[in-house]
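Single-structure report; data block below.
Protein chains: 6
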Amino acid sequence: MKIRVIVPVLYSDELVGKAHEEYRACASGGVDVSAVCVANGTRSIECEFDAVLAQPEVVRLVRQAEKDGVDACTIACFGDPGAAAAKECVSIPVVGEGEAAMLYAGLLGTKVSVVITQRGIFPLVERIARSAGMDRRLASIRAVDTSVLDFSLASLPRAIDEAVAAVREDGADVIVMGCTGTGMDMARTIEAALEERLGVFVPVIDPTKVAMKIAESLAAMRLSHSKIAYPTPADSRREYRY
Amino acid sequence: MKIRVIVPVLYSDELVGKAHEEYRACASGGVDVSAVCVANGTRSIECEFDAVLAQPEVVRLVRQAEKDGVDACTIACFGDPGAAAAKECVSIPVVGEGEAAMLYAGLLGTKVSVVITQRGIFPLVERIARSAGMDRRLASIRAVDTSVLDFSLASLPRAIDEAVAAVREDGADVIVMGCTGTGMDMARTIEAALEERLGVFVPVIDPTKVAMKIAESLAAMRLSHSKIAYPTPADSRREYRY
Amino acid sequence: MKIRVIVPVLYSDELVGKAHEEYRACASGGVDVSAVCVANGTRSIECEFDAVLAQPEVVRLVRQAEKDGVDACTIACFGDPGAAAAKECVSIPVVGEGEAAMLYAGLLGTKVSVVITQRGIFPLVERIARSAGMDRRLASIRAVDTSVLDFSLASLPRAIDEAVAAVREDGADVIVMGCTGTGMDMARTIEAALEERLGVFVPVIDPTKVAMKIAESLAAMRLSHSKIAYPTPADSRREYRY
Amino acid sequence: MKIRVIVPVLYSDELVGKAHEEYRACASGGVDVSAVCVANGTRSIECEFDAVLAQPEVVRLVRQAEKDGVDACTIACFGDPGAAAAKECVSIPVVGEGEAAMLYAGLLGTKVSVVITQRGIFPLVERIARSAGMDRRLASIRAVDTSVLDFSLASLPRAIDEAVAAVREDGADVIVMGCTGTGMDMARTIEAALEERLGVFVPVIDPTKVAMKIAESLAAMRLSHSKIAYPTPADSRREYRY
Amino acid sequence: MKIRVIVPVLYSDELVGKAHEEYRACASGGVDVSAVCVANGTRSIECEFDAVLAQPEVVRLVRQAEKDGVDACTIACFGDPGAAAAKECVSIPVVGEGEAAMLYAGLLGTKVSVVITQRGIFPLVERIARSAGMDRRLASIRAVDTSVLDFSLASLPRAIDEAVAAVREDGADVIVMGCTGTGMDMARTIEAALEERLGVFVPVIDPTKVAMKIAESLAAMRLSHSKIAYPTPADSRREYRY
Amino acid sequence: MKIRVIVPVLYSDELVGKAHEEYRACASGGVDVSAVCVANGTRSIECEFDAVLAQPEVVRLVRQAEKDGVDACTIACFGDPGAAAAKECVSIPVVGEGEAAMLYAGLLGTKVSVVITQRGIFPLVERIARSAGMDRRLASIRAVDTSVLDFSLASLPRAIDEAVAAVREDGADVIVMGCTGTGMDMARTIEAALEERLGVFVPVIDPTKVAMKIAESLAAMRLSHSKIAYPTPADSRREYRY
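Protein chains in written order, with this note's numbering: chain R, 269 to 510; chain A, 269 to 510; chain W, 269 to 510; chain H, 269 to 510; chain P, 269 to 510; chain L, 269 to 510.
Right, here's the structure in full:
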């Protein structure tokens with residue numbers, strides 16, 4: 269089974285190296301994982317504009333993946349940029365990290381809080397929650413107040429504080445890390461810290477991992493998205509320029 | 269007052285000629301209306317993929333409009349492609365036709381049906397309705413079963429039939445034309461036909477007109493969108509490539 | 269174009285003088301604005317009972333406006349008293365300030381807070397938000413804790429504090445002034461204060477202004493409410509006594 | 269225990285005679301039931317305008333009831349005209365027939381259909397359903413297509429047909445009679461007819477009865493509505509004229 | 269009229285003695301009230317597991333009640349354990365305390381807070397609120413932080429503090445006591461304390477009382493639940509073992 | 269990895285034989301799948317009562333599975349009987365087929381229809397949809413009109429007809445088989461038939477398979493449900509009898 273991770277930000281050697289390692293760690297044994305980056309866009313996705321720039325590239329890369337015989341793709345960003353359009357253009361499963369994470373949150377708890385880098389991304393998170401049917405169960409969104417690029421191990425204490433506050437003050441019983449950094453097993457670390465500070469197990473969901481697992485499962489079941497919901501763009505008279 | 273209409277499809281002389289005429293007819297006296305088309309994209313927008321292709325261009329054109337001293341922009345497409353991203357990038361008001369039409373439908377009736385060209389656009393219409401808070405009041409979406417490019421006066425009888433059925437069978441009391449063709453006053457014609465066939469006045473909303481009116485009103489009140497909801501993309505370290 | 273503002277409180281020279289001035293300032297050049305008050309009712313509307321007393325009068329005044337050849341009416345109260353009944357009785361557009369303000373809030377932001385005079389009005393504001401489809405996006409309602417009649421420039425610092433708290437504590441990104449006083453441009457002043465204190469632009473919506481703009485736009489488009497949603501009361505056998 | 273039924277339509281000897289008989293039949297033994305009509309208004313309530321005319325009178329009559337030492341009031345109309353305002357003005361319980369019927373429907377089934385006289389009342393029924401939290405469980409509203417005044421035993425077959433269709437076509441499993449006529453036990457008759465035609469018991473709710481039972485129960489428990497939700501109109505400076 | 273209270277916890281002499289007294293105090297004069305306990309289960313219901321253990325017993329006891337000629341049953345627990353299944357198995361009305369309390373809360377206020385013993389029951393309360401259509405009006409759930417078995421007069425000051433905080437901080441205007449202890453008129457005491465501390469009347473709902481009143485009313489009207497919504501389990505081939 | 273399937277119906281050699289085969293076919297290579305049946309309950313689950321009977325047994329079996337060192341359980345019934353209570357009692361992941369199927373439906377389409385055996389199960393399906401946040405996206409529920417025990421290959425043509433009607437008449441774009449029979453790959457067969465009759469790919473979800481895949485993924489990620497949402501029943505004073 270081949271899974272390709274579409275990383276919707278600009279290539280850097282460091283990023284792709286770490287990412288590869290991380291994605292492979294998520295996948296089951298025997299799964300062939302590859303990762304690609306966009307040629308146009310930004311170094312991180314922190315608002316709708318960043319997503320808009322990445323989307324045509326995401327679609328192009330998903331189409332290429334299908335041509336390469338890949339079995340399923342994930343889009344490595346909580347905002348799911350280009351996911352709906354990509355589903356229109358291919359038959360193989362495409363899984364956004366945001367939709368994947370919200371789905372698992374719904375399964376593991378009753379009230380979810382999303383911990384994210386900055387307040388500017390809140391509207392985007394709310395849109396993801398709403399389209400996953402989780403808006404009524406969204407306890408809060410909390411920001412670590414750093415940029416995606418500066419998000420690192422140094423952000424960990426603040427992320428833990430926000431997750432603890434989400435449980436204590438906002439009524440959350442499951443946490444989704446809207447940004448997990450790269451090359452770290454941050455979700456697991458926060459989960460352990462929560463258990464220690466709260467005295468009770470609260471799952472912390474890593475979108476990268478659950479997207480990978482859903483992609484594997486769809487490929488294994490040979491199940492994919494509806495072509496009524498995501499119709500193939502078919503009209504050749506429309507003169508695509510792109 | 270200057271209003272610019274961003275037409276998110278590829279330029280053709282015929283399109284722009286008709287469009288100009290139509291947009292000017294919508295505007296109040298003394299308003300300077302201009303229209304521009306995208307350089308990349310498709311000849312019509314009929315799915316998420318088409319929207320994705322147009323969006324970077326829409327943002328570029330809205331930014332240009334602000335530099336040109338334009339007071340407000342409308343996006344001439346029911347799917348509001350690029351509207352959220354464009355609001356992030358500028359301070360002048362940006363009004364999508366879809367959000368504008370749904371808002372006026374909520375004001376004029378209690379249950380709305382959207383008449384659109386094809387079933388493939390239904391999910392997109394549902395998303396627009398949901399983000400406008402009108403999903404609970406959406407009576408139905410009905411398709412004329414033609415492509416946007418073939419939508420013309422010849423489609424009128426079918427559009428009227430669908431609007432009548434929306435009222436009689438689906439419980440609609442206000443109609444939104446998700447596609448109005450270009451250079452025709454189709455909404456008004458359907459409104460008259462509905463009154464004749466149903467014996468009662470049912471408003472038929474033309475998204476182009478109401479978007480223009482909202483844009484004018486925002487410019488007149490010097491009111492614009494929230495910079496918390498639509499934060500300016502500010503991080504220069506992120507190396508935009510586009 | 270003639271617009272009439274229905275002021276659903278008892279006449280006083282001072283009120284009508286200030287109101288006239290304010291409503292004219294809202295309207296576009298060339299629009300003929302008139303204002304009328306109710307003969308029965310109260311000096312302010314602060315609960316459902318006050319609204320109930322004003323409503324028959326509001327309907328009577330809207331009917332008179334239609335007979336006088338007026339093109340559209342606004343109802344100058346956030347609670348929209350009598351708006352639905354008035355729409356039944358006439359064909360010209362009738363715009364409530366509450367519904368107008370909530371719809372523009374939806375256009376300009378993602379989470380709205382309404383700043384109002386007293387807690388007693390909260391249920392009424394919630395009803396307005398729900399019927400505008402904005403209940404899921406209502407961040408909070410906050411009270412300045414003064415009566416409508418005492419609401420004045422002296423209330424401004426408290427109103428600003430509440431608006432700031434709505435943004436900082438409740439997650440609002442757009443503010444609606446549920447009461448704006450009369451003869452002051454309070455919304456604009458609060459908007460400026462918010463920008464100074466928060467360092468970011470947050471729109472503050474003045475219901476009087478947006479209702480006027482929507483009324484103008486409907487009159488200009490010759491568009492009005494659905495006669496299925498708001499059916500004309502027709503049965504002469506029912507012996508109206510009023 | 270004294271219960272007063274506020275009949276929000278104009279007095280006629282025939283109406284009050286029948287009504288008295290009916291309301292007494294609903295009440296428990298030993299309850300002293302009285303009924304009063306409005307002095308201004310219409311002979312039936314079929315739209316928002318009719319409700320608006322009746323409301324000031326309803327409030328006046330509820331206040332009088334409290335002065336007369338009555339323990340609870342019901343408002344004998346599915347639209348609950350004046351219910352919220354009346355709750356503000358008194359401390360004794362006030363129960364609208366619409367809210368009462370929708371709440372009992374929620375208790376007895378999962379999907380409710382309301383059978384009503386005319387389509388013009390649909391928006392009013394939807395508002396009642398929404399404020400009772402039953403909008404998501406409203407299977408349909410169906411009209412017998414007669415006026416309230418002509419609604420009589422002759423309307424019974426049509427009402428039964430609509431109730432049967434609500435179950436078979438719309439998925440309803442409980443029926444609310446939005447109009448029950450006067451002096452007839454219509455709900456019970458329809459219930460029996462449904463059981464015969466469908467082969468299964470489907471409850472048919474008579475709003476008059478359930479409102480009476482809720483009023484009795486509140487009086488018995490000495491429980492009444494919240495004075496935060498329905499604050500007493502207190503400001504004497506406001507110069508009530510009515 | 270005979271009403272039976274199904275107490276879904278294990279029998280103790282003390283419990284049943286107090287309970288009997290309390291249930292009789294709730295009932296109208298002339299109503300014959302009996303109470304029974306489960307033979308399997310737990311001494312209190314504080315989570316889904318406790319409910320699961322009690323449910324088969326609850327159904328057995330409700331069936332027995334119908335055979336004994338009882339007119340209606342209530343289930344004496346806020347979680348309504350076994351209510352839906354019991355409705356399937358009998359024709360007499362069955363009323364859960366949770367659904368009854370939420371329904372009366374909706375009638376008496378606009379925003380409800382539920383005061384309960386422990387946080388572990390929150391998800392269960394949310395489910396009750398959702399199925400009663402009250403989730404959008406749930407201001408908060410607050411815990412007294414004691415177990416059901418330890419809940420007693422000594423818990424009263426804490427319960428009052430939580431109710432006051434629900435009004436002041438969470439916006440509640442009506443309180444539901446999710447646990448009322450046994451043999452005390454706690455709701456009434458808290459109501460009086462709230463009025464003293466807040467200076468305004470806030471109803472405090474005792475689920476035991478309102479369930480009894482609804483049961484009486486259904487029995488009096490000879491009205492029961494829908495057999496489409498709660499179909500009788502009929503297939504004899506299925507070999508029930510229990 | 270060990271996965272145990274909890275089959276909440278009474279044991280029969282034929283059932284368990286077929287089931288084993290089917291569950292193993294769902295699982296990934298190397299996963300050790302076992303299946304167990306309840307000792308009390310019914311031969312099929314077709315209403316809430318059947319679920320109530322099975323639930324204590326389901327919890328007992330899930331607890332046993334944890335003691336046996338199993339890594340995750342699935343509950344082999346669309347109604348998820350006992351899932352919440354079982355999650356309280358153990359730390360290993362427990363996945364209900366209903367919640368699993370609804371979540372995957374949300375991922376693969378926008379509007380889901382559930383095809384089920386009988387109308388009596390509709391309320392149960394609606395509850396599952398609501399708790400998965402999919403109620404707003406539920407296009408319809410359709411019944412094949414057979415009992416679970418008679419559901420077999422002979423039911424296939426009728427199931428296909430209902431699925432086709434769900435797409436054509438109800439607007440569904442993804443189908444969930446609420447009952448799949450045992451030992452047949454019915455979902456896949458219906459999917460193929462839909463593609464042939466509708467000319468477009470519509471995914472048909474087999475709850476058994478997706479529950480297995482989610483269980484595997486949770487076990488692989490060592491992720492489980494929240495102990496705040498599903499608190500361990502801890503109070504030893506409560507004297508469990510069961």
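Glycine is no exception: its CB is placed at the ideal position from the N, C-alpha and C atoms.
Practice problem: From the DSSP output, in three-state form, read off SER302 (chain A) for me. | Solution: strand
**Message:** Let me see if you follow: with CB-CB separation under 7 Å, is LYS270 (chain A) close to chain W or not?
**Reply:** no
Item to check | Same chain, Cβ closer than 6 Å to GLU316 (chain H), neighbours up to 5 away in sequence not counted | outcome: none
- Task: Work out the CA separation of ILE384 (chain A) and ILE496 (chain R) for me, nearest whole Å.
- Result: 16 Å
Problem - Whether GLU459 (chain W) touches VAL472 (chain W) by CB criterion (7 Å) - result: yes
Hey, does THR457 (chain R) have any beta-carbon neighbour from chain P nearer than 7 Å? no
Exercise. Using a C-beta cutoff of 7 Å, does GLU406 (chain W) count as contacting chain A?
Worked result: One point to set straight first is that residue 406 (chain W) is Leu, not Glu, in the sequence displayed. Taking Cβ atoms only, chain A never reaches closer than 7 Å to LEU406 (chain W), which makes this a no.
(Q) Which residue marks the beginning of the beta strand (DSSP E) containing GLY364 (chain R), and which one marks its end? (A) 362–364
Margin query: Which runs of the alpha helix (DSSP H) at least 4 residues long sit entirely within the region 338–415 of chain P? Give them in chain order.
Written below: 351–357, 365–376 and 390–399
Shorter than 7 Å from the beta carbon of THR310 (chain H) to some beta carbon of chain L? no
- Express the C-alpha separation of GLY374 (chain H) and THR323 (chain L) in angstroms, rounding to a whole number. According to the sequence displayed, residue 323 (chain L) carries Gln and not Thr. Spanning the two alpha carbons is a distance of roughly 26 Å.
Please classify GLY401 (chain P): is it buried, with 16 or more other beta-carbons within 10 angstroms of its beta-carbon, or exposed?
buried
Would PRO276 (chain P) pass as an interface residue toward chain R - the criterion being a Cβ-Cβ separation below 7 Å? no
- prompt: What is the residue span of the alpha helix (DSSP H) that PRO324 (chain L) lies within?
  reply: 316–335
Original post:
Residues in its own chain within less than 6 Å of SER423 (chain R) by CB, not counting five upstream and five downstream?
Top reply: VAL412 and THR414
Next on the checklist: List, in chain order, every chain L residue whose beta-carbon is nearer than 7 Å to that of GLU394 (chain A).
Outcome noted: THR378
Quiz prompt | Close beta carbons around ASN308 (chain L), own chain, < 7 Å, minus the five adjacent residues each side | solution = LEU321 and GLU325
Exercise. Quick one: what does DSSP say ARG272 (chain L) is sitting in, helix, strand or coil?
Worked result: strand
Pairing CB atoms from the region 270–286 of chain W with CB atoms from the region 300–314 of chain W, are three or more of them under 8 Å?
yes
| field | Buried versus exposed, by CB contacts within 10 Å (16 or more), ARG505 (chain L) | value | The predicted position of ARG505 (chain L) is uncertain, since its pLDDT is 49 and thus under 50; no value can be drawn from it.
Original post:
Count the other CB atoms within 10 Å of the CB of GLU290 (chain A); is the residue buried (16 or more) or exposed (fewer)?
Top reply: buried
Original post:
Out of curiosity, what's the CA-to-CA distance linking GLU431 (chain W) and GLY350 (chain W)?
Top reply: First, the residue type needs correcting, since residue 431 (chain W) is Ala and not Glu in the sequence shown. Roughly 29 Å separates the two Cα atoms.
**Study point:** ARG410 (chain A) versus LEU462 (chain A) - alpha carbon distance
**Key:** 15 Å
Let me check understanding here. Comparing Cα to Cα, which of A:PRO501, A:PRO499 and A:LEU491 lies closest to THR340 (chain A)?
Sequence inspection shows Ala at residue 340 (chain A); the Thr mentioned does not correspond to that position. It is A:LEU491.
Practice problem: Would you list the residues sitting across from LEU278 (chain H) in a DSSP beta bridge? | Solution: H:VAL306
Rounded separation between ILE271 (chain L) and ARG292 (chain L) - CA only:
10 Å
Amino acids of chain A, ordered along the chain, whose beta-carbon sits closer than 7 Å to that of PRO391 (chain H): THR378
- Item | Assigned exposure category for ASP336 (chain P) - 16 Cβ within 10 Å defines buried | exposed
**Message:** Please report the distance separating the alpha-carbon of SER280 (chain H) from that of GLU367 (chain H).
**Reply:** 26 Å
- Which whole-angstrom value describes the C-beta separation of CYS357 (chain P) and VAL330 (chain P), a residue pair presumed to lie in contact below a C-beta threshold of 8 Å? 7 Å
*Using a Cβ-Cβ cut-off of 7 Å, state whether HIS493 (chain A) counts as contacting chain W.*
yes
task: Taking MET269 (chain L) as the reference, give the member of L:VAL338, L:SER312 and L:ILE313 with the closest Cα.
output: L:VAL338
- Query: With 16 other CB atoms within 10 Å as the buried threshold, where does GLY467 (chain W) fall?
  - Reply: exposed
By Cβ distance, which residues of its chain are closer than 7 Å to ARG405 (chain P), with the 5 residues on each side in sequence left out?
-> GLY374, THR378, LYS379 and VAL380
Query - Proximal chain L residues relative to ARG490 (chain P), where beta-carbon distance stays under 7 Å - result: The premise fails here: ARG490 (chain P) is roughly 23 Å from chain L at the closest Cβ pair, so nothing lies under 7 Å.
Problem - Among H:ILE396, H:SER296 and H:ARG465, the one whose alpha carbon lies nearest that of PRO425 (chain H) - result: H:ARG465
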